[in-house]
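Position one of the sequence shown corresponds to residue 14 (this note's numbering), numbered consecutively onward. Ideal Cβ placement from N, Cα and C applies to all residues, glycine included.
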Amino acid sequence: MMGDPIQLKDEGNKYFQAGDIDKATECYTNAIKVCKDKKVLAVIYRNRSACYLKKESYANAASDATKAIDADAADIKALYRRCQALEKLGKLDMAFKDVQRCATLEPKNKTFLETLRRLGSEIQAKLKTTFSTDSRVQNMFDILLNEEIEKDKREKAANNLIVLSREDAGAERIFQNNGVPLLLNMIETGKPEMMLAAVRTLSGMCTGHKARAMAIVHMVGVDKMCSIMAIDNEEIALATCNLFQCINDSLTGEDTREYGKEEALVLDASKDLKTILLSLLEMVANKKVSGHGRDQALNLLTKNVPRKDKKSNDNTRCLFTIDHGLKKILKVCGQVPELPDQLPLTDNTQLIASVLLNKLYDDLKCDPERNNFRDTCSEYVKSKIDPNNMDKNIHAINTISGLLQGPFDVGNAVVGQQGIMEMMVALCGSEREVDQMVAVEALIHASTKMSRATFFVTNGVSLLKDIYKTTKNEKIKIRALVGLCKLGSAGGDDYGLRQFAEGSTEKLAKQCRKWLCNPQIDAKTRKWAIEGLAYLTNDADVKDDFVEDELALKAMFELAKSKDKTILYAVACTLVNCTNSYDKKEILPELVQLAKFSKQHVPEQHPKDKKDFIEKRVMRLLKAGVTSALAVMVKADSSILTDQTKEMLARVFFALSDNPRDRGTIVAQGGGKTVQWLEILQRLCLHTNPSIQHRGIVIVYNMLNSDDSELAKKLIESEMLEILSVIGKAEDNPKRQEAIDAARMCLVKAMDLGLIKPLTSPS
Numbered sequence: 014m015m016g017d018p019i020q021l022k023d024e025g026n027k028y029f030q031a032g033d034i035d036k037a038t039e040c041y042t043n044a045i046k047v048c049k050d051k052k053v054l055a056v057i058y059r060n061r062s063a064c065y066l067k068k069e070s071y072a073n074a075a076s077d078a079t080k081a082i083d084a085d086a087a088d089i090k091a092l093y094r095r096c097q098a099l100e101k102l103g104k105l106d107m108a109f110k111d112v113q114r115c116a117t118l119e120p121k122n123k124t125f126l127e128t129l130r131r132l133g134s135e136i137q138a139k140l141k142t143t144f145s146t147d148s149r150v151q152n153m154f155d156i157l158l159n160e161e162i163e164k165d166k167r168e169k170a171a172n173n174l175i176v177l178s179r180e181d182a183g184a185e186r187i188f189q190n191n192g193v194p195l196l197l198n199m200i201e202t203g204k205p206e207m208m209l210a211a212v213r214t215l216s217g218m219c220t221g222h223k224a225r226a227m228a229i230v231h232m233v234g235v236d237k238m239c240s241i242m243a244i245d246n247e248e249i250a251l252a253t254c255n256l257f258q259c260i261n262d263s264l265t266g267e268d269t270r271e272y273g274k275e276e277a278l279v280l281d282a283s284k285d286l287k288t289i290l291l292s293l294l295e296m297v298a299n300k301k302v303s304g305h306g307r308d309q310a311l312n313l314l315t316k317n318v319p320r321k322d323k324k325s326n327d328n329t330r331c332l333f334t335i336d337h338g339l340k341k342i343l344k345v346c347g348q349v350p351e352l353p354d355q356l357p358l359t360d361n362t363q364l365i366a367s368v369l370l371n372k373l374y375d376d377l378k379c380d381p382e383r384n385n386f387r388d389t390c391s392e393y394v395k396s397k398i399d400p401n402n403m404d405k406n407i408h409a410i411n412t413i414s415g416l417l418q419g420p421f422d423v424g425n426a427v428v429g430q431q432g433i434m435e436m437m438v439a440l441c442g443s444e445r446e447v448d449q450m451v452a453v454e455a456l457i458h459a460s461t462k463m464s465r466a467t468f469f470v471t472n473g474v475s476l477l478k479d480i481y482k483t484t485k486n487e488k489i490k491i492r493a494l495v496g497l498c499k500l501g502s503a504g505g506d507d508y509g510l511r512q513f514a515e516g517s518t519e520k521l522a523k524q525c526r527k528w529l530c531n532p533q534i535d536a537k538t539r540k541w542a543i544e545g546l547a548y549l550t551n552d553a554d555v556k557d558d559f560v561e562d563e564l565a566l567k568a569m570f571e572l573a574k575s576k577d578k579t580i581l582y583a584v585a586c587t588l589v590n591c592t593n594s595y596d597k598k599e600i601l602p603e604l605v606q607l608a609k610f611s612k613q614h615v616p617e618q619h620p621k622d623k624k625d626f627i628e629k630r631v632m633r634l635l636k637a638g639v640t641s642a643l644a645v646m647v648k649a650d651s652s653i654l655t656d657q658t659k660e661m662l663a664r665v666f667f668a669l670s671d672n673p674r675d676r677g678t679i680v681a682q683g684g685g686k687t688v689q690w691l692e693i694l695q696r697l698c699l700h701t702n703p704s705i706q707h708r709g710i711v712i713v714y715n716m717l718n719s720d721d722s723e724l725a726k727k728l729i730e731s732e733m734l735e736i737l738s739v740i741g742k743a744e745d746n747p748k749r750q751e752a753i754d755a756a757r758m759c760l761v762k763a764m765d766l767g768l769i770k771p772l773t774s775p776s
């Protein structure tokens with residue numbers, strides 16, 4: 014029978030009060046079928062929800078209460094019933110929201126206030142277990158060990174481990190839970206993504222903890238770490254380099270914590286540090302090591318061998334390296350990739366080796382030490398010169414090139430030795446292109462410092478001019494031209510000291526730009542065109558023509574973004590010249606008068622180096638996309654990016670942003686992305702200073718509370734979730750309580766937004 018909904022509802026109420034819940038449910042269900050009045054319907058749904066609660070059918074109870082709330086958002090009984098149902102379903106965050114609304118509508122209701130308090134503490138407790146380190150570590154290891162679990166879940170677990178290892182409690186749990194052997198198993202899979210995750214986790218575990226770092230060195234073994242770094246995979250080589258760096262920092266006493274009883278076991282790390290140093294030197298000239306591995310071994314030596322502070326008296330690591338490895342580094346400098354049977358290199362290896370040689374030489378304290386360095390280099394070069402073996406000869410000359418790009422004085426001394434210049438002349442006249450190329454490059458490097466290159470100004474110019482005129486090979490032609498550019502730019506930006514005849518500098522520059530824009534020529538050779546421009550753009554006519562040539566600018570920026578970092582210095586020099594951001598000596602009028610009176614040379618400024626010309630050049634550079642090239646250059650992770658190059662790039666940035674109206678263009682082109690915002694935020698949240706960490710987490714909380722749902726999603730999909738989890742589950746700690754509470758607030762907010770679910774809630 015159809016029946017009257019209100020009559021059926023009242024009947025249901027009687028059954029409910031009498032305790033016959035099944036009959037009451039039946040009456041309400043029949044009433045729902047025939048009810049047309051929305052308000053009455055809401056009441057019936059609310060009542061049936063109460064029946065379902067009694068029968069412990071919580072999903073149905075929540076569903077009916079929701080239908081009542083849809084009709085009347087302020088239906089306080091329906092809200093409270095849904096809160097009770099959701100709590101039983103384990104959806105504590107959603108239940109908390111409902112009872113919060115109840116307490117807002119009836120602030121004095123004791124039941125609501127008590128439930129609100131109880132649910133609040135339940136959520137805190139739940140967060141602690143959900144995100145507790147122990148259960149997370151165990152959970153991740155279970156996933157990683159199970160080959161049957163799909164790949165993306167295993168990768169996610171591997172990445173979670175990395176984040177956990179960056180917090181001391183997490184690192185300790187991984188270590189205690191037999192983590193190191195498992196990480197070695199991950200490395201043994203040979204799968205790059207697994208290897209990367211394992212190496213990065215080990216880095217986290219070794220950071221700032223001397224005892225753990227020493228234990229890991231012994232468990233994994235230095236040879237094993239070197240063999241991982243030797244793999245032909247740039248990312249893995251870089252990650253392993255970072256692992257070595259973390260170990261070095263922990264073992265050399267950067268770690269300042271108190272160890273109590275275990276102090277005695279931890280103190281002496283000198284043996285391990287020596288083993289690592291010898292192993293890195295062994296890698297430098299080892300044929301089985303990939304180019305990327307060699308680069309990172311050299312980078313580690315550059316970073317950790319010379320004294321960080323010249324006031325420190327101890328340069329024994331440097332002397333040890335010279336005694337055990339100088340010849341190996343020289344061998345790398347001498348490699349000629351065009352010949353067979355050479356060491357595997359990247360585009361950057363030889364220059365990284367030169368930078369290391371320079372640092373080692375700079376670190377020496379007295380003449381006997383410097384003489385020993387020079388003698389070792391000199392003997393090495395001599396031992397390679399052989400009238401019957403051209404390949405050995407060009408190895409010797411290429412080694413000199415390496416020294417000239419590193420400790421110039423040593424290179425200069427070696428070049429001056431008997432027979433070396435004759436050897437260069439012979440190589441310039443050789444039939445083999447590779448011989449000519451190596452000789453011309455050595456001549457270029459030898460003519461770097463004009464004050465000391467007088468020998469080459471007299472001998473080199475005619476040699477280079479001959480090669481330039483006679484060779485049919487573009488690669489050699491460009492190099493010969495660069496040598497001439499270097500020798501011809503001795504006057505810097507002084508208009509009155511022009512080396513070449515009027516107009517010839519512009520001709521040379523035009524030729525360089527033509528080569529730069531020619532995609533038929535290989536990148537290594539086009540790079541030399543920029544080397545030429547780095548010298549020629551001392552001339553204001555040249556820089557003005559260059560910035561008008563948008564194709565040439567864009568070609569230079571593309572090369573600046575490539576993996577070949579040997580180009581950074583030349584591009585930086587060229588940009589400093591074009592923006593006039595070099596140091597300018599102030600010329601006092603009185604001194605000018607004095608100089609004229611005594612017939613001394615007075616530096617003159619070129620008319621095109623005045624302010625309005627510079628501003629136009631800056632606009633042209635911005636239009637051609639200079640900012641994105643700078644952003645890539647600044648992030649180069651290599652010792653090739655020397656302090657001098659960094660300073661030049663900073664000068665260029667400063668010159669570009671001098672005019673406020675250009676700043677928008679810079680940000681639009683990615684200048685603001687030179688360091689990514691998410692990375693910065695993660696670093697703040699992991700900061701060791703509690704107040705900085707707290708500020709970082711509050712920024713995250715504010716972002717989660719913004720109207721931008723995409724932003725919130727991006728935050729929670731990143732490593733940020735793991736960082737918040739690790740901090741949120743930590744034991745209460747008065748020193749860090751603000752950060753811990755803020756992290757918990759973020760996690761509850763993420764639950765409210767539906768971006769994460771508590772582990773116990775049904776899917």
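Environment of residue i [buried if 16+ CB atoms lie within 10 Å]
i, result
"ARG130", "exposed"
"HIS707", "buried"
"THR362", "buried"
"GLU180", "buried"
"SER719", "exposed"
"GLU744", "exposed"
"CYS441", "buried"
"VAL788", "In this structure the chain extends from 14 to 776, so residue 788 is not present and cannot be described."
"PHE188", "buried"
"ALA7", "Shown here, the chain extends from 14 to 776; a query on residue 7 therefore has no answer."
"LYS27", "exposed"
Per-residue DSSP class, three states only, for residue i
i, result
"GLY424", "helix"
"CYS331", "helix"
"ILE19", "helix"
"THR773", "Because the pLDDT at THR773 is just 42, under 50, the model does not fix this residue reliably, and the value given afterwards should be weighed accordingly. THR773: coil per DSSP, three-state reduction."
"ARG749", "coil"
"ILE736", "helix"
"GLU487", "helix"
"GLY684", "With a pLDDT of 47 at GLY684, under the threshold of 50, the predicted position of this residue should be treated as unreliable, and no value is reported."
"TYR791", "There is no way to answer for residue 791, as the model of the chain reaches only from 14 to 776."
"LEU510", "A caution first: LEU510 carries a pLDDT of 36, below 50, which makes its placement in the model unreliable, though a value can still be read off. Three-state result, LEU510: coil."
"LEU497", "helix"
"GLY234", "coil"
"GLY473", "helix"
"ILE162", "coil"
Nearest-angstrom Cβ-Cβ length linking residue i and residue j, presumed shorter than 8 Å
i, j, result
"VAL345", "ARG330", "About 19 Å; that fails the 8 Å criterion."
"VAL427", "VAL349", "18 Å between Cβ atoms; not a contact."
"ARG539", "ASP562", "At roughly 14 Å, the Cβ-Cβ gap does not stay under 8 Å, so ARG539 and ASP562 are not in contact."
"LEU99", "ASP111", "7 Å"
"LEU699", "ILE729", "About 17 Å separates the two Cβ atoms, so there is no contact after all."
"LEU364", "GLN418", "7 Å"
"ILE398", "ASN406", "6 Å"
Among the options, nearest to residue i - alpha-carbon criterion
i, options, result
"CYS498", "LYS482, LEU521, LYS485 and ASN486", "LEU521"
"LEU195", "LYS164, LEU494, GLY221 and ASN159", "ASN159"
"THR315", "ASP285, PRO357 and ASP376", "ASP376"
"ALA763", "ALA755, LEU717 and GLU454", "LEU717"
"SER594", "MET403, LYS523 and ALA663", "ALA663"
"VAL230", "ILE260, THR214 and GLU206", "ILE260"
"ASN570", "ASP535, CYS530 and LYS556", "Strictly speaking, residue 570 in this sequence is Phe, with Asn absent from that position. Out of ASP535, CYS530 and LYS556, CYS530 has the C-alpha closest to the C-alpha of PHE570."
"SER670", "GLY419, GLN695 and LEU634", "LEU634"
"ASN198", "LEU477, ASN190 and ALA211", "ALA211"
"LYS46", "ASP17, ARG59 and ALA72", "ASP17"
Next item on the list: Enumerate, from N- to C-terminal direction, the unbroken alpha helix (DSSP H) stretches of 4 or more residues contained entirely within the segment 396–459.
Entry: 403–418, 421–428, 433–441 and 446–459
Checklist line | Unbroken stretches of the alpha helix (DSSP H), 4 residues or longer, contained in the segment 336–385 | finding: 362–375
Checklist line | Runs of alpha helix (DSSP H) lying entirely within the segment 238–325, each at least 4 residues, in chain order | finding: 247–262, 276–279, 283–297 and 304–317
Next item on the list: Go through the segment 199–227 residue by residue and report every complete run of the alpha helix (DSSP H) that reaches 4 residues or more, in order.
Entry: 205–219
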